[in-house]
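Sequential numbering from 1 applies to the sequence shown in UniProt numbering.
Just so you know, even glycine gets a beta-carbon here, dropped at the ideal spot from N, CA and C.
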Amino acid sequence: MNHPASPAFPFRLLICGGSDSGKTNMILNLLLGNKIQRLFKEKKGERYVKNDDLVLIGKHIHEPKWVLVKNCYEIFSKGPKTYRENVTFRALKVNAIPDVTKFSPDKNTVVVFEDLCAESKKIQDRIVPYFISGRHQGVSSIYVSQKYTQTPKIIRENISHLALFRGSGSREDICRIATDDPLAIRLGWDTPLELDE
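Next up, the structure:
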């Protein structure tokens with residue numbers, strides 16, 4: 001069971017924003033929560049997204065933030081018995097995207113596609129199945145992009161959650177989200193969002 005403010009499994013999350021806007025920090029907060037800080041104080045903490053496996057796919061998989069996540073997952077899996085979790089972390093280069101059907105539906109897997117919107121159509125075509133049918137394999141996918149409009153349309157049409165940060169697009173780009181799919185953005189469960197210009 002995830003934290004109440006976190007998306008429920010399986011989810012398909014698109015995160016858009018310019019450089020240094022907080023995209024990766026948001027992901028780290030979801031994946032690590034307050035567990036690592038509380039663990040070192042010998043208290044029980046929680047990860048806000050309680051996945052079993054984490055797969056990072058990107059060009060910059062050795063950035064310090066992702067090394068931190070890798071180290072934290074190792075601590076979670078090998079730490080004191082009362083705090084131990086059966087979790088794994090894998091970092092893969094872009095050319096090693098696994099087939100989504102190879103994941104076990106018995107596990108909650110999160111796959112993060114880190115800044116791959118400028119990759120070739122061939123790479124995008126390998127990512128698309130994660131957003132179309134990944135939920136049948138217990139896979140929750142996170143696609144990180146600089147701009148909303150640079151994200152392949154088929155991925156945008158299949159997301160369940162959207163997070164926009166500074167620099168994620170122009171006002172016209174953001175307004176287009178609601179006009180492209182008026183059911184996508186709502187004030188409540190049954191109230192469409194009205195955008196007055």
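{"query": "Pick from Ile127, Lys153 and Leu54 that is closest to Arg90, judged by C-alpha positions", "result": "Leu54"}
{"query": "For Leu39 and Ile75, believed in contact at Cβ under 8 angstroms, the rounded distance", "result": "7 angstroms"}
{"query": "Three-way DSSP call (helix, strand, coil) for His136 in this model", "result": "helix"}
{"query": "Helix, strand or coil at Leu116 according to DSSP, with G and I counted as helix", "result": "coil"}
{"query": "Inter-residue CB distance, Val100 and Ile57 (contact presumed, cutoff 8 angstroms)", "result": "Going by Cβ atoms, the distance from Val100 to Ile57 rounds to 12 angstroms, so no, they are not a contact pair."}
{"query": "Secondary structure of Thr88, DSSP reduced to three states", "result": "strand"}
{"query": "Buried/exposed call for Leu187, threshold 16 Cβ in 10 Å", "result": "Reliability of the predicted coordinates at Leu187 is poor, the pLDDT of 48 falling under 50, and no value is obtained from them."}
{"query": "From Arg84, Ile127 and Leu162, residue whose alpha carbon lies closest to that of Glu46", "result": "Arg84"}
{"query": "Given 8 angstroms, three or more beta-carbon pairs between the segment 6-21 and the segment 58-75", "result": "no"}
{"query": "Where Arg166 sits in the DSSP three-state scheme", "result": "coil"}
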